[in-house]
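Notes follow the structure.
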Amino acid sequence: MEHLYVHVPFCPTLCPYCDFHVLRRHPGSVEAYLKRLKEEAWALYERYPAPLKTLYLGGGTPSFLREPELEALFEALPWPLAEGAEVTLEANPGTLSPPRLRLLRELGVNRLSLGVQSFQEGVLRILGRAHGRRGAFRAVEMALEAGFRTSIDLILGLPEQDVEADLQEAAALGVGHVSAYTLQVEPGTLLALSGYSPDPEAEALALERAVMMLGEAGFRRYEVSNFARPGEESRHNQAYWESAFWGGLGPSAVGHYQAQGQAYALRTRQPPLPRWLVGEPPDLEEIDPLEHAKESLMLGLRLAQGVDVGRIEGRTGLSLWPLLAPVVQALLAEGRLEVEGKRIRATNLNTLHPLILELWEALQKGTGPSWEGPATG
Numbered sequence: 046m047e048h049l050y051v052h053v054p055f056c057p058t059l060c061p062y063c064d065f066h067v068l069r070r071h072p073g074s075v076e077a078y079l080k081r082l083k084e085e086a087w088a089l090y091e092r093y094p095a096p097l098k099t100l101y102l103g104g105g106t107p108s109f110l111r112e113p114e115l116e117a118l119f120e121a122l123p124w125p126l127a128e129g130a131e132v133t134l135e136a137n138p139g140t141l142s143p144p145r146l147r148l149l150r151e152l153g154v155n156r157l158s159l160g161v162q163s164f165q166e167g168v169l170r171i172l173g174r175a176h177g178r179r180g181a182f183r184a185v186e187m188a189l190e191a192g193f194r195t196s197i198d199l200i201l202g203l204p205e206q207d208v209e210a211d212l213q214e215a216a217a218l219g220v221g222h223v224s225a226y227t228l229q230v231e232p233g234t235l236l237a238l239s240g241y242s243p244d245p246e247a248e249a250l251a252l253e254r255a256v257m258m259l260g261e262a263g264f265r266r267y268e269v270s271n272f273a274r275p276g277e278e279s280r281h282n283q284a285y286w287e288s289a290f291w292g293g294l295g296p297s298a299v300g301h302y303q304a305q306g307q308a309y310a311l312r313t314r315q316p317p318l319p320r321w322l323v324g325e326p327p328d329l330e331e332i333d334p335l336e337h338a339k340e341s342l343m344l345g346l347r348l349a350q351g352v353d354v355g356r357i358e359g360r361t362g363l364s365l366w367p368l369l370a371p372v373v374q375a376l377l378a379e380g381r382l383e384v385e386g387k388r389i390r391a392t393n394l395n396t397l398h399p400l401i402l403e404l405w406e407a408l409q410k411g412t413g414p415s416w417e418g419p420a421t422g
């Protein structure tokens, strides 16, 4: 386990579009969270004590914690960091200040992911964000001045949004990474209950503009929704897309661990905060080799570099290429895939869903009762 995600659920505001496990703080809640987190962290450390290559603190708003709480958060994590480790902390613009940024540097954070979402006041009001245009610019400026590798989030394709203006301003900031995505309206969120419905055509056009404008500014689209200057890719998120193993700490956190026996991997999902605080164990899901192969295809095809089917075969012991080859050749002929050896790449990252379904169907058809199973030789 070389990667670790820590979920910090507390937020200063609950945005109407947010479907994550978040809540406001109340007296004693952060203290109870930190105490339980330390217990959970040490138990996981005893099983997986290797140095971490990436550490990601998400939420929620980790930067919403007070200075002593931030110190306690890092003290709760016993892992050493590998040389050159990437340590990312999610932050909202209104929670940052020069003293707080200095503390984060002292604690080992070297990368910030800022939830800017837009630089337009009307759009920020729709999204229920606590910061305004000036606050967004000031937060980015402070983060860069403090020496952090800095990423910003943008939501595209919203009503009344000038997409080009947001993209121009994002490209001109000097940040190394931009996550630009369209808004998924999840059932039960305030935005869904208000009757908001996204415009698929506007969203598709917004993504096309992002690819063009950020590309012209020196950002490479290395994943469906992520753009980076050379060397500024999120190494932690790449671990997810490359189906690596990682640990998950905190309420609602998901972990992905190597399994023993017939299963290839174990996925754990921690319960929400009230049940997590009293020590309720996580839900466990066994991932068999075929399911791992399907997930690896889906996640790997999100990357501009594509996915190496041979590597998945090596991990799982399954003979996948004979099952996929006829569909891969058809998709190649249609211009929807590029193929190099056993590495396959989507030619259009905006139309992945049907392509993935065709590849999954080929695997499923070939793994019925008569399937011979693992590769030999």
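Residue numbering for the sequence shown follows our numbering, starting at 46 and increasing by one per position.
Backbone N, C-alpha and C define an ideal beta-carbon position, used for all residues, glycine too.
Nothing here was measured: the structure is a model prediction, and the numbers come from that model.
Opposing strand residues paired with residue i [DSSP bridges]
i    : result
F55  : L68
A391 : L382
R266 : F272
T195 : L157
R312 : H301 and E330
I200 : Y226
L169 : L169 pairs with nothing; no bridge assigned.
W291 : H301
Y50  : Y101 and G293
L348 : E268
Q162 : L199
D353 : R388
Beta-carbon proximity check, residue i vs residue j, cutoff 9 Å
i    : j    : result
H176 : A184 : yes
L157 : T99  : no
Q206 : S163 : yes
V161 : L110 : no
L199 : A217 : no
W366 : G380 : no
G104 : E84  : no
N155 : F193 : yes
L49  : Y101 : yes
T227 : E248 : yes
V373 : L404 : yes
P107 : W124 : no
E278 : Y267 : yes
M46  : G292 : yes
S341 : V352 : yes
L250 : G202 : yes
L311 : L368 : no
L115 : R145 : yes
Burial state of residue i, where buried means 16 or more other Cβ atoms lie within 10 Å
i    : result
P54  : buried
V323 : exposed
D244 : exposed
E417 : Its pLDDT being 39, under 50, E417 is placed unreliably in this model, and the value from its coordinates should be taken loosely. Under this definition E417 is an exposed residue.
T396 : exposed
H398 : exposed
Q307 : exposed
N137 : buried
K410 : exposed
F211 : Looking at the sequence itself, residue 211 is Asp, so the reference to Phe does not match. Buried is the call here.
Q350 : exposed
G139 : buried
N282 : buried
A375 : exposed
G413 : Caution applies to G413, whose pLDDT of 47 falls short of 50 and renders its modelled position unreliable; the value that the coordinates give is listed next. Classification of G413: exposed, given that the 10 Å Cβ count is below 16.
A255 : buried
A121 : buried
N271 : buried
L33  : Residue coverage of the chain in this structure runs from 46 to 422, which leaves residue 33 outside it and unanswerable.
K80  : exposed
G167 : exposed
Q305 : exposed
A273 : buried
R314 : exposed
H52  : buried
E464 : One cannot answer for residue 464 here, as it falls past the ends of the chain, which runs 46 to 422.
A181 : buried
E331 : exposed
M258 : buried
E131 : buried
A77  : exposed
R147 : exposed
E221 : Reading off the sequence, residue 221 comes out as Gly, not Glu. Answer is buried; the Cβ neighbour count reaches 16.
is_contact[residue i, chain C] using C-beta, thresh 9 Å
i    : result
M343 : In the displayed structure, chain C is absent; only one protein chain is listed.
Checklist entry - Below 8 Å, can you find three or more Cβ-Cβ pairs linking the segment 297-307 to the segment 148-155? => result The answer is no - the segment 148-155 does not touch the segment 297-307, with fewer than three Cβ pairs under 8 Å.
Item to check | Three CB pairs or more closer than 8 Å across the segment 342-354 and the segment 245-262 | outcome: With the cut-off at 8 Å, the segment 342-354 and the segment 245-262 do not touch.
Checklist entry - What runs of the beta strand (DSSP E), each 3 residues or longer, lie entirely inside the segment 61-141? => result DSSP runs (the beta strand (DSSP E)) wholly in the segment 61-141: 97-104 and 126-136.
Checklist entry - Does the count of Cβ pairs from the segment 334-341 and the segment 85-98 closer than 8 Å reach three? => result Flag = no, the segment 334-341 and the segment 85-98 do not touch.
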